[in-house]
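Residue numbering for the sequence shown follows the UniProt record's numbering, starting at 1 and increasing by one per position.
Ideal Cβ placement from N, Cα and C applies to all residues, glycine included.
Keep in mind the model is a prediction, meaning the values are calculated, not measured.
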Amino acid sequence: MTFLSENFDAFQKLKDIDIFVTQFYHDFLILSNEYTKFLK
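What follows is the structure in structure tokens.
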């Protein structure tokens, strides 16, 4: 039981990191898009 719960905690942390990276990447794409428009 403890083995499973420890793995679950690690999995939750991974999911949080994944969500953070996805949001960061999304924001980065929007910013670079705006920057490109600004340069033209």
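Asked	Found
Alpha carbon to alpha carbon, how far is residue 8 from residue 23?	23 Å
Roughly how many whole angstroms lie between the Cα atoms of residue 12 and residue 28?	24 Å
Please report the distance separating the alpha-carbon of residue 38 from that of residue 16.	33 Å
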